[in-house]
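J.:
Written as structure tokens, this is what we have:
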């Protein structure tokens, strides 16, 4: 054996290790990521938070507090005061006083400057808010850092500018504020939803009483600190914490002029019913079962990224999530294979790790609900596929999940799961795809993937949804109105249209 | 003096472009200003309503698919047809107690209102649609789109002008509708259906029923294939108002109430009556090479 061939053998014995990703993704474990933790050292939060009423933190009347857990560790993070009827009375009174005495009499341009201040303060403390959002709610730091917090700041910045320009928003009419707005927000985008609610309300001259979700109230109370820092007149923003009963006290309060709610369709209907026969205005941003339609001529790799973003963004805790995938028949097998390959690469785990794609499910209750739906799906005869990734032993985590062989009437196709669970259906003609896409009581948002512009517009115009994303998904912008058709809600948030729910036109 | 016997008109309903009688076979008496019987009107039933909603739903896609220009021309055509039948409508209003001057004013205001909304057909989108300067590389725009099928209670007073004022803004925006005519004065509404029927309005776009409000309210507000409910009554009893709102929660029906007192006033028409029955659709279109 010559020297040369010996050398060759020695080389061959070494396992092949690519130095850059080859054309075919290799999943045999060469690509382990090191931990990349986001430091939480500089972040401060108190052990216990009181209610924010009339510009100061005050203890709840009944002196009751409830714990808030970090869903990734199941450990207590902090606790919040439980607001009861008396506290809501107090908050509404202070909001009313602020409306009459300071906020509605303030020059619109000065009102705008306060809102600009809030936008700037969020930007200055953006990382702190992002870390807290991930600790309190379980979402990956990459999302809270790059999406939630910057968008929240942008929202305040956008609406601040409207404050002294309302005469240009409603042709032929004069816009007047409503008064006191009661606002109830969900746990999936805590700070961002707060921004969606508070920014347009303040810009139009209303004052607010806002209740964050009971599992994710931390950033709302940190925001209360910003209101103090900004020198916002006392009582313009009031933040009360608590669960459903607190929300119900807001909805049914006689001195509130408008209710803005984001949450499930089930609760939205209860609220709409509670408001029956009253003069209160309301907007509802409710559930969804977003169709994501992939045509044969779509750019497939881009589409697969889009499908992943549509359903696995924020653990699928997104009302507009693309939870129903419709693939044109000819490419169905290819797309499902590519999707499974891509799902294998998703990292599920510590929300504070910068590499994490999918963080913790927000609460034990939601975790149980998702698992129930997985069981329902299997019992309905669907084929379940889950990625084989490692998941932490403590905390509420769920593997990205795919269901094939589903029928239009299956519960996992009709009902909102609010988790990382995708159903896959196929269609032959555009008409069939559209018909299936429209076949739920929901109508919030959906996606269309094709290389053909005319097809985007035609399909988009026939989908009964408030938002159509073409060749993209889950994009948000303060200038872009958002909201549902059918049972996904009433009214729009964002953009010029988002001013309308907060004004009387005269 | 001629001894010719007059031919009296049978007042029926208008659904899907046809003039059927109520399936229930029921009727109620309509009186003139002096309490003399004028006609037997159909006392429509739940089934009539459901049939009308089916007709409205079937017509909606096609109606919305018409160009804005075409919808405007059709509304204009309704006005033309009404103008040529002015005398008939004035006479009909007189029989229920209108003075000639007032009757003439109502018919003329109705014609003008149709022209007003005909003109909006291809403009409200421009005034109320937006192009949104998003930060990503997308062309992002929001357009008004019709809600779908709207159930309407026409105003009880002003049997012609009230009806036209609630119908025009709903249909000019691409919706179809089922209208319950004024209960006390339903005859102008049915005569107006004859105008619609000769104005190139596709069958099913406007459906007009007659009958009892209290009986049909429940069915009109609980129907799950109806997207919105529109009423005007300034003096509605609180209990009924609550019932409307509560029933609407079933499928998140949009409820719009315009308690207009004077249908000849300026507050009785505006483009906001159109947008009240529109949803906003936002589209993100990719930009790139």
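Residue numbers (our numbering), protein chains in the order written: chain A, 3 to 508; chain B, 75 to 363.
Glycine included, each C-beta is placed from N, C-alpha and C at the ideal position.
From a predicted model like this one, the values you see are computed outputs, not experimental measurements.
For a cutoff of 8 Å on Cβ pairs, would you count residue 250 of chain A as touching chain B?
T.: Indexing the first chain from 1 puts residue 250 of chain A at position 248. Not closer than 8 Å to any Cβ of chain B, the Cβ of residue 250 of chain A fails to qualify, so no.
J.: If you draw a straight line from the alpha carbon of residue 34 of chain A to that of residue 402 of chain A, how long is it in whole angstroms?
T.: By one-based count along the first chain, residue 34 of chain A stands at place 32. By one-based count along the first chain, residue 402 of chain A stands at place 400. Their Cα atoms are separated by approximately 19 Å.
J.: With 16 other CB atoms within 10 Å as the buried threshold, where does residue 247 of chain A fall?
T.: Translated into the one-based positions of the first chain, residue 247 of chain A becomes position 245. Exposed, by the Cβ-count rule.
J.: Any C-beta of chain B sitting closer than 8 Å to the C-beta of residue 481 of chain A?
T.: Sequence index remark: in the first chain, residue 481 of chain A carries index 479 (1-based). Cβ-Cβ to chain B under 8 Å: yes for residue 481 of chain A.
J.: Buried or exposed, going by whether 16 or more other CB atoms sit within 10 Å of the CB of residue 78 of chain B?
T.: In the second chain, residue 78 of chain B corresponds to position 4, counting from 1. Classification of residue 78 of chain B: exposed, given that the 10 Å Cβ count is below 16.
J.: Tell me the DSSP secondary structure of residue 76 of chain B in three-state form.
T.: As a position in the second chain, residue 76 of chain B is number 2, starting the count at 1. Here residue 76 of chain B sits in coil by DSSP.
J.: Rounding to the nearest angstrom, what Cα-Cα distance links residue 66 of chain A and residue 83 of chain A in this structure?
T.: Locating residue 66 of chain A in the first chain gives position 64, where the first residue counts as 1. Locating residue 83 of chain A in the first chain gives position 81, where the first residue counts as 1. Cα to Cα, the separation comes out at about 6 Å.
J.: Since residue 319 of chain B meets chain A, which of its residues come closer than 9 Å, beta carbon to beta carbon?
T.: Along the second chain, read from residue 1 onward, the residue named residue 319 of chain B stands at position 245. Simply 274, 275, 277, 278, 279 and 280.
J.: Measure the C-alpha to C-alpha separation of residue 52 of chain A and residue 198 of chain B and round it to an integer number of angstroms.
T.: Position 50 of the first chain holds residue 52 of chain A. Position 124 of the second chain holds residue 198 of chain B. Approximately 48 Å between the Cα atoms of the pair.
J.: Would you say residue 221 of chain B and residue 303 of chain B are within 8 Å of each other, going by their C-beta atoms?
T.: The residue labelled residue 221 of chain B in the question sits at position 147 within the second chain. The residue labelled residue 303 of chain B in the question sits at position 229 within the second chain. For residue 221 of chain B and residue 303 of chain B, no; Cβs fall outside 8 Å.
J.: With DSSP collapsed to three states, give me the class of residue 91 of chain B.
T.: Your numbering for residue 91 of chain B matches position 17 in the second chain. Residue 91 of chain B falls in the coil class under three-state DSSP.
J.: If you reduce the DSSP assignment to three classes, tell me which class residue 46 of chain A lands in.
T.: In the first chain, counting from the first residue as 1, residue 46 of chain A sits at position 44. Coil at residue 46 of chain A, not helix or strand.
J.: Residue ranges of each alpha helix (DSSP H) run of no fewer than 4 residues wholly in the stretch 456 to 482 of chain A, ordered along the chain?
T.: Counting whole runs of 4 or more residues, the stretch 456 to 482 of chain A contains no alpha helix (DSSP H) stretch at all.
J.: Give a yes or no on whether 8 Å exceeds the smallest Cβ distance from residue 458 of chain A to chain B.
T.: Locating residue 458 of chain A in the first chain gives position 456, counting from the first residue. It does; some Cβ of chain B falls within 8 Å.
J.: DSSP three-state label for residue 221 of chain B, please.
T.: Taking the second chain and counting its residues from 1, one reaches residue 221 of chain B at position 147. The answer is coil: DSSP assigns residue 221 of chain B none of H, G, I, E or B.
J.: Excluding the 5 residues flanking residue 87 of chain A on each side, which residues of the same chain have their C-beta closer than 8 Å to its C-beta?
T.: In the first chain, residue 87 of chain A corresponds to position 85, counting from 1. Closer than 8 Å at Cβ, skipping near neighbours: 251.
J.: Is there a C-beta anywhere in chain A that falls below 8 Å from the one on residue 244 of chain B?
T.: If you number the second chain from 1, residue 244 of chain B lands on position 170. No, because no Cβ of chain A sits closer than 8 Å to the Cβ of residue 244 of chain B.
J.: Compute the Euclidean distance between the alpha carbons of residue 206 of chain A and residue 501 of chain A, then round it to the nearest angstrom.
T.: On the first chain, residue 206 of chain A is found 204 positions in, with the first residue counted as 1. On the first chain, residue 501 of chain A is found 499 positions in, with the first residue counted as 1. Looking at the two C-alpha atoms, the distance is approximately 7 Å.
J.: Going by beta carbon distance, what residues of the same chain come within less than 6 Å of residue 330 of chain B, once the five residues before and after it are set aside?
T.: The sequence position of residue 330 of chain B within the second chain is 256, counting from 1. Contacts found: 304 and 350.
J.: When you compare the CB positions of residue 161 of chain A and residue 110 of chain A, do they come within less than 8 Å of one another, or not?
T.: Start at 1 with the first residue of the first chain, and residue 161 of chain A comes out as number 159. Start at 1 with the first residue of the first chain, and residue 110 of chain A comes out as number 108. It is not a contact, given that the beta carbons lie outside the stated cut-off.
J.: Distance cutoff 8 Å, beta carbons only. Does residue 327 of chain A sit that close to anything in chain B?
T.: As a working note, residue 327 of chain A is residue 325 in the first chain. No, no contact with chain B.
J.: Please list the residues of the stretch 165 to 194 of chain A that have a C-beta atom closer than 9 Å to any C-beta atom in chain B, keeping them in chain order.
T.: Within the stretch 165 to 194 of chain A, the qualifying residues are 172, 173, 174 and 175.
J.: Against residue 470 of chain A, what residues of chain B qualify as contacts under a CB-to-CB distance less than 8 Å, listed in chain order?
T.: The count along the first chain starts at 1 and reaches residue 470 of chain A at position 468. Per Cβ cutoff of 8 Å: 355, 356, 357 and 358.
J.: Would you list the one or two residues that DSSP bridges to residue 506 of chain A?
T.: Here residue 506 of chain A corresponds to residue number 504 of the first chain, with the count starting at 1. Bridge partners of residue 506 of chain A: A/178.
J.: Which residue comes first and which comes last in the beta strand (DSSP E) that contains residue 248 of chain B?
T.: What you label residue 248 of chain B is simply residue 174 of the second chain in a count that begins at 1. Residue 248 of chain B -> no beta strand (DSSP E), and no H or E assigned at all.
J.: Counting Cβ pairs, one atom from each stretch, are 3 or more of them under 8 Å apart for the stretch 89 to 105 of chain A and the stretch 231 to 238 of chain A?
T.: A contact exists between the stretch 89 to 105 of chain A and the stretch 231 to 238 of chain A.
J.: Determine the extent of the alpha helix (DSSP H) in which residue 363 of chain A is found, giving its start and end residues.
T.: Within the first chain, the letter at position 361 stands for residue 363 of chain A. From DSSP, residue 363 of chain A is part of no alpha helix (DSSP H); its letter is neither H nor E.
J.: Figure out for me which residue from A/49, A/100, A/146 and A/69 has the closest Cα to the Cα of residue 358 of chain A.
T.: Residue 358 of chain A sits at position 356 when you count from the first residue of the first chain. It is A/146.
J.: Which residues mark the beginning and the end of the alpha helix (DSSP H) in which residue 264 of chain B is found?
T.: Taking the second chain and counting its residues from 1, one reaches residue 264 of chain B at position 190. Start and end: 261 to 271.
J.: For residue 421 of chain A and residue 103 of chain A, I'd like the C-alpha separation in whole angstroms.
T.: For the purposes of this step, residue 421 of chain A is taken as residue 419 along the first chain, with counting starting at 1. For the purposes of this step, residue 103 of chain A is taken as residue 101 along the first chain, with counting starting at 1. Spanning the two alpha carbons is a distance of roughly 45 Å.
J.: Mapping DSSP to helix, strand and coil, what is residue 12 of chain A?
T.: Stepping through the first chain from its first residue, residue 12 of chain A is reached at position 10. The pLDDT assigned to residue 12 of chain A is 48, lower than 50, so where the model puts this residue is not dependable; a value taken from the coordinates is nonetheless given after this. If DSSP states are grouped into helix, strand and coil, residue 12 of chain A belongs with the helices.
J.: Indicate whether at least one CB of chain B lies closer than 8 Å to the CB of residue 12 of chain A.
T.: As a position in the first chain, residue 12 of chain A is number 10, starting the count at 1. Since pLDDT at residue 12 of chain A reaches only 48, below the 50 mark, its modelled position is unreliable, and the value read off the structure follows with that caveat. Not one chain B Cβ lies under 8 Å of residue 12 of chain A.
J.: What is the DSSP secondary structure of residue 405 of chain A, reduced to helix, strand or coil?
T.: Here residue 405 of chain A refers to the residue found at position 403 of the first chain. Strand at residue 405 of chain A.
J.: Name the residue from A/137, A/121, A/266 and A/139 whose alpha carbon lies nearest to the alpha carbon of residue 186 of chain A.
T.: The residue given as residue 186 of chain A occupies position 184 in the first chain. If we check each option's Cα against that of residue 186 of chain A, A/266 comes out closest.
J.: Starting from residue 173 of chain A, follow its DSSP beta bridges and name the residues at the other end.
T.: Taking the first chain and counting its residues from 1, the one referred to as residue 173 of chain A is at position 171. Looking at the DSSP assignment, residue 173 of chain A forms no beta bridge with any residue, so it has no partner.
J.: Use the C-beta contact count for residue 314 of chain A: other C-beta atoms within 10 angstroms, 16 or more gives buried, fewer gives exposed.
T.: Here residue 314 of chain A corresponds to residue number 312 of the first chain, with the count starting at 1. Burial call: buried.
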